[in-house]
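>
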């Protein structure tokens with residue numbers, strides 16, 4: 001059974017939210033019974049979610065509990081396998097809505113990685129080519145996740161100021177083609193091959209843009225008035241994002257031809273993940289300009305247009321990932337990104353032009369279908385759907401008489417993806433009041449007749 005579950009993991013997850021194994025080596029270790037049980041149980045806890053057998057799917061919590069038990073008994077053993085187990089357990093914690101556990105296991109993993117010196121090229125001497133690359137990919141996976149996880153919980157990032165002297169990940173196709181028995185050492189310089197660095201390397205260069213975008217939204221969410229300095233920072237980040245996209249190598253650009261090529265190479269899901277992240281960062285950067293109570297300068301109108309474009313592009317790409325074999329993106333964080341994209345679509349449906357309604361309604365429906373599908377695997381998606389419904393309710397209360405205002409709660413909705421919200425955190429409006437509920441119901445019916453409202457509660 002473990003072979004089947006490991007294949008599910010490799011098919012659905014490997015290279016998407018993290019890249020911490022060499023697939024062929026992992027398969028060989030499982031086949032030979034050489035994989036550490038702590039890691040095997042954690043992989044199977046993920047893989048069983050995608051089994052067609054209900055009895056196998058029901059084993060998930062047992063497998064996770066057993067992986068945790070073995071890890072805790074061996075916690076003083078600082079090794080790559082325990083780092084891998086921590087990363088997998090943290091991912092499962094995200095999917096189960098256990099943000100404290102997520103942060104804890106990522107903290108343990110990053111501490112072990114620093115102790116082992118995975119960020120230091122001096123630690124790479126006399127290791128095989130595959131082992132060197134696994135070490136690098138584990139470090140960069142932790143680096144990327146550290147920013148996302150800690151920002152989402154309002155915690156301090158451990159790794160953003162840690163100096164790294166290692167190279168980015170090698171070309172993904174080359175890495176996947178390496179044979180488990182290959183024992184070449186680091187003298188083999190594959191990073192100078194004509195293929196250059198791959199898609200994962202592009203992800204590594206994108207991630208540093210998340211923190212400054214996050215900081216801008218936090219400043220505004222905490223009540224800082226809009227000012228020219230913030231606008232200047234947005235303009236610079238907008239340029240940096242587009243420059244990043246324009247500098248992507250040909251095999252990392254998003255086009256139908258490139259996607260088909262990467263799909264054949266087993267990297268279609270990774271390519272889609274890269275561009276979903278790009279669109280998500282762009283939405284986060286421009287979202288606050290949707291505020292209907294701000295004076296709209298010409299550049300701000302441009303930002304609104306871009307925000308809508310990226311939300312639409314995210315939706316189209318997410319739909320494509322569900323249509324193409326081997327291109328799935330079903331890790332838990334996709335749920336949050338889809339919720340943010342959907343919030344822009346909800347806003348456009350309620351406040352946008354008549355000519356936008358049909359397309360936006362279709363995109364919102366496809367996003368919601370993806371969220372419902374993700375909910376089968378990850379219980380935490382239910383809370384994300386509730387947040388989207390709450391966002392829609394807040395927008396409904398703002399449709400009249402004044403234009404819609406994006407308050408601090410709505411920006412926190414974007415920035416603090418792991419924190420819970422209740423009606424008390426939403427400001428003066430209380431959705432529990434009968435008058436407000438009646439107003440929403442009446443307004444929803446009116447907007448539904450205009451094609452401006454999708455009842456997400458019954459979808």
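Residue numbers (the UniProt record's numbering): 1 to 459. Positions of the beta carbon are idealized from the N, C-alpha and C atoms, including for glycine. In this text, all values refer to a predicted model and were calculated from it rather than measured experimentally.
1) Can you grab the Cα-Cα spacing for the pair residue 19 / residue 297, in whole Å?
2) Residue 133: buried (16+ other C-beta within 10 angstroms of its C-beta) or exposed?
3) Rounded to whole angstroms, what is the Cα-Cα separation between residue 412 and residue 154?
4) Can you tell me where the alpha helix (DSSP H) holding residue 11 begins and where it ends?
5) Cβ atoms of residue 269 and residue 16: under 8 Å apart, would you say?
6) Count the other C-beta atoms from every protein chain shown that fall within 10 angstroms of the C-beta of residue 343, then say buried if there are 16 or more, exposed otherwise.
7) Of all the options 98, 287 and 31, which has the alpha carbon lying nearest to the alpha carbon of residue 216?
8) Determine whether the beta carbon atoms of residue 278 and residue 206 lie at a separation below 8 Å.
9) Put residue 128 into one of helix, strand or coil per three-state DSSP.
10) Could you give the residue range of the alpha helix (DSSP H) that holds residue 312?
11) Residues in the same chain with beta-carbon distance under 7 Å from residue 2, minus the five sequence neighbours each way, listed in chain order, please.
12) Can you tell me where the alpha helix (DSSP H) with residue 165 in it begins and where it stops?
13) Quick check: is the beta carbon of residue 77 nearer than 8 Å to any beta carbon in chain D?
14) With distances taken from CA atoms, which of 21, 103, 306 and 275 is nearest residue 139?
15) Considering Cα atoms alone, identify which of 100, 33, 79 and 97 is closest to residue 135.
16) Using C-beta distances below 6 Å, list every residue in its chain close to residue 117, excluding the 5 sequence neighbours before and after it, in chain order.
17) What's the call for residue 379, buried or exposed, on a 16-neighbour Cβ count within 10 Å?
18) So, for residue 48: in the same chain, excluding its five sequence neighbours on each side, which residues have a beta-carbon less than 6 Å away from its beta-carbon?
19) Is it buried or exposed, residue 177, if we count other Cβ atoms within 10 angstroms and call 16 or more buried?
20) Is it the case that the segment 158-168 contacts the segment 104-116, given that we only count it when at least three CB pairs across the two stretches are under 8 Å?
21) Look at the Cβ atom of residue 258, then the Cβ atom of residue 315, and state whether they are nearer than 8 Å.
22) Whose C-alpha, out of 249, 125 and 323, is nearest the C-alpha of residue 369?
23) For residue 347, which residues does DSSP report across the bridge?
24) Measuring straight from C-alpha to C-alpha, what distance separates residue 218 and residue 209?
25) Do residue 202 and residue 272 count as a contact pair if the criterion is CB distance below 8 Å?
26) Skipping 5 residues on each side, what residues in its chain have a beta carbon closer than 6 Å to that of residue 252?
27) If you follow the alpha helix (DSSP H) that residue 86 is in, where does it begin and where does it stop?
28) From 239, 37, 230 and 223, pick the residue whose C-alpha is nearest to that of residue 69; which is it?
29) Give the secondary structure of residue 259 by DSSP, where H, G and I count as helix, E and B as strand, and everything else as coil.
30) Given this structure, state the Cα-to-Cα distance separating residue 334 from residue 66, to the nearest angstrom.
31) From which residue to which residue does the alpha helix (DSSP H) around residue 172 run?
32) Could you check what DSSP says for residue 197 in three-state terms: helix, strand or coil?
33) Excluding the 5 residues preceding and the 5 following residue 13 in the sequence, name in chain order all residues of the same chain whose CB lies nearer than 7 Å to its CB.
For this structure:
1) Indexing the chain shown from 1 puts residue 19 at position 19. Indexing the chain shown from 1 puts residue 297 at position 297. Straight-line Cα distance between these residues: approximately 43 Å.
2) Translated into positions along the chain shown, residue 133 becomes position 133. With 16 or more Cβ atoms within 10 Å of its Cβ, residue 133 is classed as buried.
3) The sequence position of residue 412 within the chain shown is 412, counting from 1. The sequence position of residue 154 within the chain shown is 154, counting from 1. Between the alpha carbons of residue 412 and residue 154 lies a distance of about 10 Å.
4) The residue given as residue 11 occupies position 11 in the chain shown. 2-12 is the span of the alpha helix (DSSP H), which, as asked, contains residue 11.
5) Position 16 of the chain shown, counted from the start, is the residue given in the question as residue 16. Position 269 of the chain shown, counted from the start, is the residue given in the question as residue 269. Cβ atoms of residue 16 and residue 269: closer than 8 Å.
6) Within the chain shown, numbered from 1, the residue matching residue 343 stands at position 343. Residue burial annotation: residue 343 is buried, with at least 16 other C-beta atoms found within 10 angstroms of its C-beta.
7) The residue given as residue 216 occupies position 216 in the chain shown. Considering only alpha carbons, the answer is 287.
8) Within the chain shown, the letter at position 278 stands for residue 278. Within the chain shown, the letter at position 206 stands for residue 206. A contact, by the Cβ cut-off of 8 Å.
9) What you label residue 128 is simply residue 128 of the chain shown in a count that begins at 1. DSSP places residue 128 in strand when its eight states are reduced to three.
10) Here the question's residue 312 lines up with position 312 in the chain shown. Residue 312 -> alpha helix (DSSP H) spans 298-323.
11) The sequence position of residue 2 within the chain shown is 2, counting from 1. Taken in chain order, the residues that qualify are 30, 40 and 44.
12) Counted from its first residue, the chain shown places residue 165 at position 165. Counting along the chain, residue 165 falls outside any alpha helix (DSSP H), and DSSP gives it neither H nor E.
13) Among the chains in the structure shown there is no chain D, since it carries only a single protein chain.
14) Within the chain shown, numbered from 1, the residue matching residue 139 stands at position 139. Nearest C-alpha to residue 139: 21.
15) Sequence index remark: in the chain shown, residue 135 carries index 135 (1-based). The candidate whose alpha carbon is nearest that of residue 135 is 79.
16) One-based indexing of the chain shown puts residue 117 at position 117. Within the same chain, residue 117 has close Cβ partners 123.
17) Within the chain shown, numbered from 1, the residue matching residue 379 stands at position 379. Answer is exposed; the Cβ neighbour count stays below 16.
18) Translated into positions along the chain shown, residue 48 becomes position 48. Taken in chain order, the residues that qualify are 5, 56, 57, 59 and 60.
19) Residue mapping note: residue 177 aligns to position 177 of the chain shown, counting from 1. It is exposed - the Cβ of residue 177 has fewer than 16 other Cβ atoms within 10 Å.
20) yes
21) As a working mapping, residue 258 is identified with position 258 in the chain shown. As a working mapping, residue 315 is identified with position 315 in the chain shown. No, the pair does not count as a contact, with Cβ atoms beyond the cut-off.
22) In the chain shown, counting from the first residue as 1, residue 369 sits at position 369. Taking only the C-alpha atoms, the option nearest residue 369 is 323.
23) By 1-based counting over the chain shown, the position of residue 347 is 347. Note: residue 347 sits in no beta bridge, so no partner.
24) Position 218 of the chain shown, counting from 1, holds the residue named residue 218. Position 209 of the chain shown, counting from 1, holds the residue named residue 209. Their Cα atoms are separated by approximately 15 Å.
25) Mapped onto the chain shown, residue 272 falls at position 272. Mapped onto the chain shown, residue 202 falls at position 202. Remark: C-beta atoms of residue 272 and residue 202 do not approach each other more closely than 8 Å.
26) Numbered from its first residue, the chain shown carries residue 252 at position 252. If we look at residue 252 and ignore the five residues flanking it on each side, its Cβ neighbours are 199 and 202.
27) Reading the chain shown from its first residue, position 86 is the one you call residue 86. Looking at the DSSP string, the run of the alpha helix (DSSP H) that includes residue 86 is 80-95.
28) Counting from one through the chain shown, the residue named residue 69 turns up at place 69. Of 239, 37, 230 and 223, the residue nearest in Cα terms is 37.
29) Working through the chain shown from its first residue, we reach residue 259 at position 259. Annotated three-state conformation of residue 259 is helix, per DSSP.
30) Sequence index remark: in the chain shown, residue 334 carries index 334 (1-based). Sequence index remark: in the chain shown, residue 66 carries index 66 (1-based). Residue 334 and residue 66 have their C-alpha atoms spaced approximately 27 Å apart.
31) Taking the chain shown and counting its residues from 1, one reaches residue 172 at position 172. Counting along the chain, the alpha helix (DSSP H) containing residue 172 begins and ends at 172-177.
32) The sequence position of residue 197 within the chain shown is 197, counting from 1. In the three-state DSSP reduction, residue 197 falls in the coil class, being neither helix nor strand.
33) The count along the chain shown starts at 1 and reaches residue 13 at position 13. Exclusion of the five residues before and after residue 13 leaves 46 and 331 as the residues of its chain whose Cβ lies within less than 7 Å of its Cβ.
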